[in-house]
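In what follows, a structure is listed as structure tokens, so that the remarks can point back to it.
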Amino acid sequence: MDNRCIHICSALSNSPLTYRDLDQLGLERIKGIGEKSLSALESFGIHSVLDLIETYPRRYIDRSNMATLSQMQLGVDTLVMVQVVSSRSMRTQRGKTMVTVTVADDTGKLSLTFFNQPWREKQLQPGMEVAVFGRAEMYRGYRQMTNPVVDRIGDQTGRVVPIYPQSEKVRISSWDLARWITDALAKCEPRGIEDPIPDDVVSSHGLMSRHDALRKIHRPDVVDDHVQARRRLAFDEVLRVQLMLVGKKSQWERESAGFSHATTGHLIDGLFSALPFPLTGAQRRTIDEIYNDLGSSRPMHRLLQGDVGAGKTLVAVATMLAAVQGGHQAAIMAPTEVLADQHALGIRALLASLKIADEGNLFGDRSLRVELLTNKVTGEERKSILAGIADGSVDIAIGTHALIQDKVSFASLGVVVVDEQHRFGVEQRSRLRDKALQSEQGLVPDVLVMTATPIPRTAAMTVYGDLDVSVLDELPPGRTPIVTSRVSGPLEMEMMWGSVRELLKKGQQAYVVCPLVEESEKLEVASAHETYDTLSSGELSDYSVGLLHGRMSSKEKESVMTSFRQGKLDVLVATTVIEVGVDVPNSTTMVILDADRFGIAQLHQLRGRVGRGALASQCYLVTQHSDPSPRVEALVASTDGFELAEEDLRLRGEGTIMGARQKGQTDLTLASLQRDLDLIQWARQDAVRIIDADPMLESLPHLRDELDLLFSAEDEEFLFKS
1 MDNRCIHICS ALSNSPLTYR DLDQLGLERI KGIGEKSLSA LESFGIHSVL DLIETYPRRY
61 IDRSNMATLS QMQLGVDTLV MVQVVSSRSM RTQRGKTMVT VTVADDTGKL SLTFFNQPWR
121 EKQLQPGMEV AVFGRAEMYR GYRQMTNPVV DRIGDQTGRV VPIYPQSEKV RISSWDLARW
181 ITDALAKCEP RGIEDPIPDD VVSSHGLMSR HDALRKIHRP DVVDDHVQAR RRLAFDEVLR
241 VQLMLVGKKS QWERESAGFS HATTGHLIDG LFSALPFPLT GAQRRTIDEI YNDLGSSRPM
301 HRLLQGDVGA GKTLVAVATM LAAVQGGHQA AIMAPTEVLA DQHALGIRAL LASLKIADEG
361 NLFGDRSLRV ELLTNKVTGE ERKSILAGIA DGSVDIAIGT HALIQDKVSF ASLGVVVVDE
421 QHRFGVEQRS RLRDKALQSE QGLVPDVLVM TATPIPRTAA MTVYGDLDVS VLDELPPGRT
481 PIVTSRVSGP LEMEMMWGSV RELLKKGQQA YVVCPLVEES EKLEVASAHE TYDTLSSGEL
541 SDYSVGLLHG RMSSKEKESV MTSFRQGKLD VLVATTVIEV GVDVPNSTTM VILDADRFGI
601 AQLHQLRGRV GRGALASQCY LVTQHSDPSP RVEALVASTD GFELAEEDLR LRGEGTIMGA
661 RQKGQTDLTL ASLQRDLDLI QWARQDAVRI IDADPMLESL PHLRDELDLL FSAEDEEFLF
721 KS
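Note that the sequence shown covers residues 1 to 722 in my numbering.
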């Protein structure tokens, strides 16, 4: 039975209503919705009965647990349920509109004053019941609230009253939505609402039915009702996302032929025996997980999360060598030329002692050929590298997005490493993989995606659900912790620059990062120049200071970075171009100016440029204000990237899991990446079990149809390619 038949049959029968049935029911069927309301609802993003019943309350009022007007304290935010007594409008001396509304309950009266909101006079009619939230003050002997939040309650009965999002722009009130949703649910009652999720899944987690959840989230009898209803509907949201991710991953694995790499041999043994330090336990565990994938003919698709300085590059090199050892090629793509250069230096140093068999060579072997391809590589050198990539004589290609340009053609690309993947667009990541499919074998390469921005567990499971995840959560021995301090005010600044000069005298180096100017790269560059001039002629005039920013040519950037690495520059003044991957062990001090303009992840990345060796390191977060921002305080308190990622999620909120481009029904409306870890873990396990047993969901046609309805092709593409 195809999906179209399912909804036709469902619409004709008395079987429970599916989400597709509800999506196909127009709003004109709802009592009280006329032409005017219809157009208001459409501009509010509500187009069908499904949209209407998925418009959930933003909060609830428990009538049995509310303050009366006599209990209200002055200067404290309070919620009261009152009745409108009178409402009048007048003009102030400055010509502005002022509406004064008197409200009352059984214990007293309160005056509400609204400035520049003339429509309040008509909205708040005598006799109407409203919930008012605000802070009362005394004015001329009377208690008054100015511009409070007001929700029309209407004649709703019951102990718990839902409050819906309102739109003053199109004049939709909480009371209107409550009436319409009540009517929609009443009309669903005879047939009920279909529960497409298997009974054993619902009962194993102690969740209520979907029909009950939709009823109780809108009409709770007691407070716990809406809490349990939210959990059930939030579980549905995350299960849908997980089914899509796990289903796509399963399909990709079934339909793609991959390489089966040998994970032992002279190259890999040579790399590990040449290391001057032992691997950390986390590196050993992660390499084992990756090698397990590489040995299978199923293409690897793995995310490697590692805190700043945890040794991801070594894991990437061990991964790429497995391909090279079998006669294939490997590529690593970095988001910036500075990071690509850094990788080229580090990888060549790690592989310098290794040889690979070569019958065409007089000695029977040759050194590994590692080439760097960025836009600054031109002329004959570029031609030679492109030819080497095409004929297979380049073993490892390192580059920026230049690697995915049309002229680049690999002979046999076996492993792809994408570094700092959040800095690439979806298309860029998938194009590198597609390049491999154009080679003779047409096999899908193994893909390792790396990030030094730790991701909270829930977000990793949700946003990167189509990837297996490995975590490097241990720093190599010999690293000294970074001491982080907040600096504000002239006296503290003076002491900070004194400490910086002391360390420079000892031959150590420092970074100074300029303020982030979101609006304009031009302004940011101007600010960097200004900082450079001020420090060169002032606090750091006795030392050699360099400048690095994004508008410099590739050659200029390379020249400055080389001078800094070689110790010819004592201080590097830079924009966030140094955020990722710059590794100079002798640099022990990081000064971040206007630190409160940066996000937690960015501050943590920048701080990670120091503390790369055995020398003690410090990071100074300079703020304009004496009151610290929560982000800066978090950095001072912790150097643990995973802890900071959780805090960042808490402070920033969650945004949309589909990214800024897609704002659809697939965003998590009720589920929270912060508080619903158990639901996300359950959903992940259930999705794997369901897809393993029935990859095309043939035995669950209503669930399959719901995924088709709620996920657009664009959403699917976005989720999968992420």
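Built from N, CA and C at the ideal position, the CB exists for glycine as well.
message = Taking the straight line between their C-alpha atoms, what separation do you get for D288 and F277?
response = Approximately 18 angstroms between the Cα atoms of the pair.
What do you reckon, are the CB atoms on A446 and V415 nearer than 7 angstroms?
First, the residue type needs correcting, since residue 446 is Asp and not Ala in the sequence shown. Against a cut-off of 7 angstroms, the Cβ pair of V415 and D446 comes out as a contact.
**Asked** Cβ of D648 within 7 angstroms of Cβ of A601?
**Response** Contact check for D648 against A601 passes: the beta carbons are separated by less than 7 angstroms.
TODO: Determine the DSSP secondary structure at L239, reduced to helix, strand or coil.
DONE: The three-state secondary structure of L239, taken from DSSP, is helix.
Please classify E194 as buried or exposed, where buried requires at least 16 other C-beta atoms within 10 Å of its C-beta. Result: buried.
Check whether G546 and V577 have beta carbons under 7 angstroms apart: Cβ atoms of G546 and V577: not closer than 7 angstroms.
| task | Please go through the same chain and pick out, in chain order, the residues whose beta-carbon is closer than 6 angstroms to the beta-carbon of F642, but skip the five residues on each side of it. | result | So the qualifying residues of the chain are P454.
Check: Just reading off the alpha helix (DSSP H) that I455 is part of, what are its end residues?
Finding: Unbroken run through I455: none, as it is neither H nor E.
**Request:** Could you have a look at I217 and say whether DSSP puts it in helix, strand or coil?
**Result:** In this structure, DSSP gives I217 a helical state, which the three-state scheme calls helix.
Quiz prompt | Alpha-carbon spacing of P220 relative to N116, whole angstroms | solution = Those two C-alpha atoms are separated by around 36 angstroms.
Open item on the list: Along the chain, where does the beta strand (DSSP E) containing P162 start, and where does it finish?
Closed with: Unbroken beta strand (DSSP E) run through P162: 160–163.
ask   = Three-state secondary structure (DSSP) at Q662?
value = Residue placement at Q662 is flagged as unreliable, the pLDDT there being 35, under the threshold of 50; a coordinate-derived value is accordingly withheld.
Quick check: the region 49–61 against the region 200–209, are at least 3 beta-carbon pairs closer than 8 angstroms? Result no; under three Cβ-Cβ pairs closer than 8 angstroms.
Test item: CB-CB of T97 and S86 under 7 angstroms:
No; because the gap between Cβ atoms is not below 7 angstroms, this pair is not in contact.
- So, A257 versus L294, is the Cβ gap smaller than 7 angstroms? The Cβ atoms of A257 and L294 do not sit closer than 7 angstroms to each other.
- Message: Helix, strand or coil for A131? Go by DSSP, reduced to three states.
- Response: A131 falls in the strand class under three-state DSSP.
query = Under 7 angstroms, do L448 and R191 count as touching if we go by C-beta distance?
reply = In this structure, L448 keeps its C-beta atom at 7 angstroms or more from the C-beta atom of R191.
### Task
For M72, I'd like the list of residues in its chain whose CB is within less than 6 angstroms of its CB, leaving aside the five on either flank, ordered along the chain.
So the qualifying residues of the chain are T78, A136.
Handout entry: Assigned secondary structure, T264 (DSSP; H/G/I helix, E/B strand, else coil)
Key = Coil at T264, not helix or strand.
- prompt: Does the beta-carbon distance from A234 to D676 come in below 7 angstroms?
  reply: Taking 7 angstroms as the Cβ cut-off, A234 and D676 qualify as a contacting pair.
Between N292 and T319, what straight-line distance do the alpha-carbon atoms span, to the nearest angstrom?
-> Here the alpha carbon of N292 sits roughly 11 angstroms from the alpha carbon of T319.
Note down the Cα distance separating V394 from I385, rounded to an integer number of angstroms. V394 and I385 have their C-alpha atoms roughly 7 angstroms apart.
Buried or exposed: Y511, going by 16 or more other Cβ atoms within 10 Å of its Cβ? Around the Cβ of Y511, a 10 Å sphere holds 16 or more other Cβ atoms; the residue is buried.
> If we count Cβ pairs, one from each stretch, closer than 8 angstroms, do we get three or more for the region 671–685 versus the region 615–634?
Replying inline: With a cut-off of 8 angstroms on Cβ pairs, the region 671–685 is not in contact with the region 615–634, counting fewer than three such pairs.
query: With distances taken from CA atoms, which of A184, G32, T113 is nearest L25?
result: For the residues A184, G32, T113, the minimum Cα distance to L25 belongs to A184.
- Query: Which ranges does the alpha helix (DSSP H) cover as unbroken runs of at least 4 residues, wholly within the region 581–635, from first to last along the chain?
  - Reply: With a minimum length of 4 residues, the continuous alpha helix (DSSP H) runs that stay inside the region 581–635 are 600–607.
Note to self: Rounded to whole angstroms, what is the Cα-Cα separation between N14 and Y164?
What the structure shows: Rounded to the nearest angstrom, the two C-alpha atoms are 31 angstroms apart.
Proximity below 7 angstroms, CB of P476 to CB of G311: Yes, these two residues count as a Cβ contact at 7 angstroms.
Out of curiosity, what's the CA-to-CA distance linking W175 and I61? Each residue's alpha carbon lies about 13 angstroms from the other.
Since S728 sits in a beta bridge, which residues does DSSP pair it with?
Not covered by the structure: residue 728. The range shown for the chain is 1 to 722.
Which term fits G478, buried or exposed, when burial requires 16 or more other beta carbons within 10 angstroms of its beta carbon?
Label assigned to G478: exposed.
- Pull up the CB-CB distance for M81 and A131, whole angstroms please, since I reckon it's below 8 angstroms. Contact flag correct, Cβ pair sits at about 5 angstroms.
N- and C-terminal bounds of the alpha helix (DSSP H) containing E492 = Per DSSP, the continuous alpha helix (DSSP H) segment holding E492 begins and ends at 490–505.
* **M561, enclosing beta strand (DSSP E) - first and last residue** => That residue, M561, is in no beta strand (DSSP E); its alpha helix (DSSP H) goes 554–565.
Are the Cβ atoms of T589 and L503 separated by less than 7 angstroms? Cβ atoms of T589 and L503: closer than 7 angstroms.
By alpha-carbon positions, which one of D419, I396, M90, R382 ends up nearest to Q405?
Comparing Cα-Cα distances from Q405 to each of D419, I396, M90, R382, the minimum goes to R382.
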